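Residue numbers (the working numbering), protein chains in the order written: chain R, 249 to 574; chain G, 249 to 574.
All C-beta atoms, glycine included, are put in the ideal place defined by N, C-alpha and C.
Please read all numbers here as calculations on a predicted model, not as lab measurements.
2 protein chains.
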Amino acid sequence: MTDLAITAADVRDAAAQIRGVAVRTPLLEFMPLSERVGHRVLVKFEGAQHTGAFKFRGAYNRLSRLSSQERAAGVVAWSSGNHAQGVAAAARLLGIQATIVMPADAPAVKLANTRALGAQIITYDRHTQSREEIATALADERGAVLVPSFDDPFVIAGQGTIGLEILEQASEIGATIGRVLACCGGGGLVGGIATAIKDTAPHIDIYSVEPEAFDDTARSLASGRREAVLPGAHSICDALLAPSPGSLTFPINKALLSGGLVVSDDQVRAAMRFAFQSMKLVVEPGGAAALAAALAGLAPRGDGATVVVVSGANVDPDLFASIIAG
Amino acid sequence: MTDLAITAADVRDAAAQIRGVAVRTPLLEFMPLSERVGHRVLVKFEGAQHTGAFKFRGAYNRLSRLSSQERAAGVVAWSSGNHAQGVAAAARLLGIQATIVMPADAPAVKLANTRALGAQIITYDRHTQSREEIATALADERGAVLVPSFDDPFVIAGQGTIGLEILEQASEIGATIGRVLACCGGGGLVGGIATAIKDTAPHIDIYSVEPEAFDDTARSLASGRREAVLPGAHSICDALLAPSPGSLTFPINKALLSGGLVVSDDQVRAAMRFAFQSMKLVVEPGGAAALAAALAGLAPRGDGATVVVVSGANVDPDLFASIIAG
């Protein structure tokens, strides 16, 4: 597997890099969830990570590797909001100026938090403009480093630290893991987790979970090559709208994942309601995808507990209110 | 202090009794919270406890001590909802029939969850009927054991296990604690925590936090004797409406607390909004009282981190929606 973009050693290196800076988020267990699913379920809650989503891990691992010259020139990223906040928070800690290209219709909370963290925001129209072009032009103009949201070895390795923590924390409570479900936009989160876990626990199955209109990774895993999202696709999972698997992430996921699961927006809404009522956690739509798959019984059964990664929790109050009202 | 209802040894005994049954809830840290308060704040999140509130601890410690004869006769309790669910869940685990006297206007989620846990519910009118009389008559009629919500040594010791966990978990992350804030209805939670903590760490200050119309413990601590809530008092903190400090809890709190803090309903609402936005946690009104006190800067400053006990998270979706909408 030396042809993959990262190895487990890179994830261990990332874990050392973010130690004491990123939050070691809790691995939680809820009786109503395990009863409902029919076997033991553990929840890795990245809502407790800085900025309310896992993205801080990869962003800090990437930005903290920049040279002093690169730091001085600043960084540029594009993101629907969680990578934006992760980059902004890491940049603030490291004293780097961050500029983020964000869709004009990103959740208000994500725009506001990114701005509050000191980043400069440039908005664009998702339907008519290319974020890559805007961001690349900006980076060229300023000599700034582009920070990809998933197709970067340091970013993937940073997200993979979640996998190491899952193994450690399961061991601390004496739990045996059978499978891990993680949501998938571009595939950095699930690819990083798979890299971390398969190295020492190859018997654990890792599944990606996507919204049904954005099932490009599931279809790519089935076909063996990178498939694209169809035009006009729509989902409430604003964090999972990547148009296709990454060129670095897909080979990892093709080599390591046991399959790609797909959930409907209604299943995501039901998972958010369940998290509110029975887990007392705030979860955003994209962050609820893996939980939705577990609640819908989509993961193949087998020995060991199911770990669900709840990856983010940045949701506007009015959307959250309408979803928990049912 | 041998004249107090419990000692730290009773709390250690309770910890052994509930180990592997109750959840060891996480001690969490949120950058926006510490920044806002101006020093390090740690959050003990009892929303992750079985039934979404700390009450399961004391209920299980009490019910698991019953003889087989007492178990066969069942238990009776009265509660606005969290003690109800704690008793119902503990009773279900132990195979005991539970009957709970609850106000007809208790939050719907608390009534529904208590019923779903297999308890028989008898509702009463808070304004015209006495829950004590109804429950006592029921217990007499059935030869059942009454399970008080705070004035019972096993119940107080069970809640005190939170204090032991706070000390252990702070030590695990290398944090030094200066003070602990815990909400207060009848005083079992804060009294148990104080008993656990002051035994080995007498320098840590413990404060009770109450809604302003139900500040009976704060006034009692000031006057030195048990004061009652004034007629017509109202608060959104449905879990904190006890009419006066307990006969067992008050001597403990008088001996061990550094003072009683008081928060307004608006401060509680602001704390619930903050928890939603910046901590990604669902918190009920009563459960947010200690957080509200920290956010309002009510605890005296000093060395060491402030620990806030978020004690419960059972809130109806429509009330939660209206509060997070601001």
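N- and C-terminal bounds of the alpha helix (DSSP H) containing residue i
i                      : result
residue 404 of chain R : 401-420
residue 294 of chain G : Run containing residue 294 of chain G: none; DSSP gives neither H nor E here.
residue 260 of chain R : 256-266
residue 464 of chain G : 464-471
residue 572 of chain G : 565-572
residue 285 of chain R : 279-285
Burial state of residue i (16 or more Cβ within 10 Å)
i                      : result
residue 263 of chain G : buried
residue 482 of chain R : exposed
residue 463 of chain R : buried
residue 298 of chain R : buried
residue 470 of chain R : exposed
residue 536 of chain G : buried
residue 416 of chain G : exposed
residue 277 of chain G : buried
residue 313 of chain R : exposed
residue 411 of chain R : buried
residue 315 of chain R : exposed
residue 533 of chain R : buried
residue 479 of chain R : exposed
residue 265 of chain R : buried
residue 493 of chain G : buried
residue 317 of chain R : exposed
residue 547 of chain G : buried
residue 353 of chain R : exposed
Euclidean distance between Cα positions of residue i and residue j
i                      : j                      : result
residue 556 of chain G : residue 539 of chain G : 6 Å
residue 490 of chain G : residue 434 of chain G : 5 Å
residue 449 of chain G : residue 284 of chain G : 27 Å
residue 570 of chain G : residue 501 of chain R : 42 Å
residue 211 of chain G : residue 453 of chain G : Outside the modelled stretch of chain G, which goes from 249 to 574, sits residue 211 of chain G, for which no answer is possible.
residue 563 of chain R : residue 511 of chain R : 19 Å
residue 544 of chain R : residue 545 of chain G : 44 Å
residue 249 of chain R : residue 359 of chain G : Its pLDDT being 46, under 50, residue 249 of chain R is placed unreliably in this model, and the value from its coordinates should be taken loosely. Going by the C-alpha atoms only, they are around 55 Å apart.
residue 346 of chain G : residue 322 of chain G : 6 Å
residue 273 of chain G : residue 391 of chain R : 47 Å
residue 573 of chain G : residue 573 of chain R : 13 Å
residue 451 of chain G : residue 442 of chain G : 11 Å
residue 485 of chain R : residue 427 of chain R : 23 Å
residue 496 of chain G : residue 387 of chain G : 21 Å
residue 498 of chain G : residue 439 of chain G : 8 Å
residue 517 of chain G : residue 343 of chain R : 35 Å
residue 419 of chain G : residue 413 of chain G : 10 Å
residue 408 of chain R : residue 357 of chain R : 26 Å
residue 256 of chain R : residue 437 of chain R : 14 Å
residue 524 of chain R : residue 466 of chain G : 33 Å
residue 364 of chain G : residue 258 of chain R : 48 Å
residue 519 of chain G : residue 389 of chain G : 44 Å
residue 374 of chain G : residue 487 of chain G : 13 Å
residue 383 of chain G : residue 350 of chain G : 10 Å
residue 341 of chain R : residue 311 of chain R : 10 Å
residue 508 of chain G : residue 541 of chain R : 46 Å
residue 561 of chain G : residue 295 of chain G : 5 Å
residue 260 of chain G : residue 444 of chain G : 8 Å
residue 252 of chain G : residue 506 of chain R : 59 Å
Check: residue i C-beta below 7 Å from any heavy atom of the ligand MN
i                      : result
residue 402 of chain R : The ligand MN is absent from the structure shown, which contains no ligands of any kind.
Extent of the continuous beta strand (DSSP E) to which residue i belongs
i                      : result
residue 557 of chain G : 553-558
residue 438 of chain R : That residue, residue 438 of chain R, is in no beta strand (DSSP E); its alpha helix (DSSP H) goes 436-448.
residue 459 of chain G : 453-459
residue 496 of chain G : No beta strand (DSSP E) contains residue 496 of chain G, which DSSP labels as neither H nor E.
residue 429 of chain G : 425-431
Under 7 Å from the C-beta of residue i: neighbouring residues of chain C
i                      : result
residue 279 of chain R : Absent here is chain C; the protein component of the structure consists of chains R and G.
For this session: Assess, as a yes-or-no matter, whether the stretch 261-277 of chain G is touched by the stretch 456-471 of chain G under the definition of 3 or more beta carbon pairs within less than 8 Å.
Result: Contact between the stretch 456-471 of chain G and the stretch 261-277 of chain G is absent, because fewer than three Cβ pairs lie under 8 Å.
Exercise. Counting pairs of Cβ atoms below 8 Å between the stretch 417-424 of chain R and the stretch 389-402 of chain R, do you hit three or more?
Worked result: The stretch 417-424 of chain R, when compared against the stretch 389-402 of chain R, does not touch it at the 8 Å Cβ threshold.
Exercise. Taking one C-beta from the stretch 327-335 of chain G and one from the stretch 288-307 of chain G each time, how about it: are there three or more such pairs within less than 8 Å?
Worked result: A contact exists between the stretch 327-335 of chain G and the stretch 288-307 of chain G.
Exercise. Between the stretch 291-300 of chain G and the stretch 550-565 of chain G, do at least 3 Cβ pairs fall closer than 8 Å?
Worked result: The stretch 291-300 of chain G makes contact with the stretch 550-565 of chain G; the number of CB pairs closer than 8 Å reaches 3 or more.
For this session: Could you pull out every unbroken alpha helix (DSSP H) segment of at least 4 residues lying fully inside the stretch 302-390 of chain R, listed in chain order?
Result: As far as the stretch 302-390 of chain R is concerned, its whole alpha helix (DSSP H) runs of at least 4 residues are 303-311, 316-321, 330-342, 356-364 and 379-390.
Exercise. Would you call the stretch 317-328 of chain R and the stretch 370-386 of chain R in contact, with 3 or more CB pairs under 8 Å?
Worked result: Under the three-pair Cβ rule at 8 Å, the stretch 317-328 of chain R counts as touching the stretch 370-386 of chain R.
Problem set entry | Touching by the beta-carbon criterion (3+ pairs, under 8 Å), the stretch 521-539 of chain R and the stretch 466-481 of chain R | When Cβ pairs closer than 8 Å are counted between the two stretches, the stretch 521-539 of chain R is seen not to touch the stretch 466-481 of chain R, the count staying below three.
Exercise. Is the stretch 307-324 of chain R close to the stretch 401-413 of chain R, with three or more CB pairs under 8 Å?
Worked result: In short, these stretches touch, since the Cβ pair count reaches three.
Exercise. Going along the chain, which unbroken runs of the beta strand (DSSP E) with 3 or more residues stay wholly within the stretch 500-539 of chain G?
Worked result: Entirely contained in the stretch 500-539 of chain G, the beta strand (DSSP E) runs reaching 3 residues are, in chain order, 507-511.
For this session: Mind the definition here: the stretch 545-554 of chain R touches the stretch 361-370 of chain G only if three or more C-beta pairs lie below 8 Å; say whether that holds.
Result: Contact between the stretch 545-554 of chain R and the stretch 361-370 of chain G is not established, with fewer than three Cβ pairs separated by less than 8 Å.
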